[in-house]
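With my numbering applied, the sequence shown covers 3 to 128. Right, one structure below, let's go through it.
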Amino acid sequence: MDSRRYPSAVYVISVAAELAGVHPQTLRIYERKGLINPARTVGKSRRYSDADISVLRRIQELTNAGVGLPGVARILELEARLARTEAELQRVRDAAEHAVAETHRQYRRDLVPVPRGQFPVRVRRP
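The following block contains the structure:
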């Protein structure tokens with residue numbers, strides 16, 4: 003099989019087509035158009051993952067709503083970009099929260115509590 007790992011179940015084209023509610027030839031068309039890229043066995047048979055089935059169902063949802071295949075391709079591209087951007091944003095948020103927490107820990111180590119009245123107060127007079 004190719005270098006992609008299968009995180010869960012994999013399906014042959016006929017089962018994938020049935021799960022997605024389309025004809026197997028439709029899956030071949032989607033692959034030629036670049037909408038889906040199933041894994042292949044050593045013998046070049048297609049194998050569809052659960053993630054591929056989700057994409058196929060999304061394609062069906064969009065085409066049933068009247069979106070053409072070029073539009074579907076663009077929507078899938080934008081949705082993937084949005085997911086990557088949201089993941090990056092979450093990583094940045096996590097890093098910022100970690101930095102803030104580390105700064106607060108540093109303050110607690112560096113600052114010494116001084117009870118009131120134990121340090122001089124300067125009063126400025128005009």
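Built from N, CA and C at the ideal position, the CB exists for glycine as well. Values in this document were obtained by computation on a predicted structure and should not be read as measured data.
Distance CB(residue i)-CB(residue j) smaller than 8 angstroms
i	j	result
residue 49	residue 43	yes
residue 37	residue 61	yes
residue 58	residue 17	no
residue 47	residue 94	no
Beta-carbon contacts of residue i that lie in its chain and below 6 angstroms, excluding the five residues immediately before and after
i	result
residue 71	35
residue 12	49, 51
Close Cβ partners of residue i (< 7 angstroms) along its chain, the five nearest in sequence each way excluded
i	result
residue 64	74, 77
residue 82	none
residue 5	Because the pLDDT of residue 5 is 45, which lies under 50, any placement of that residue in the model is unreliable, and the question is left without a value.
residue 22	55, 58, 59, 62
Limits of the unbroken beta strand (DSSP E) element including residue i
i	result
residue 34	Run containing residue 34: none in the beta strand (DSSP E); it sits in the alpha helix (DSSP H), 26-34.
residue 51	48-51
Cβ neighbour criterion (16 or more within 10 Å) applied to residue i
i	result
residue 40	buried
residue 98	exposed
N-terminal and C-terminal residue of the alpha helix (DSSP H) that residue i is part of
i	result
residue 72	71-112
residue 21	15-22
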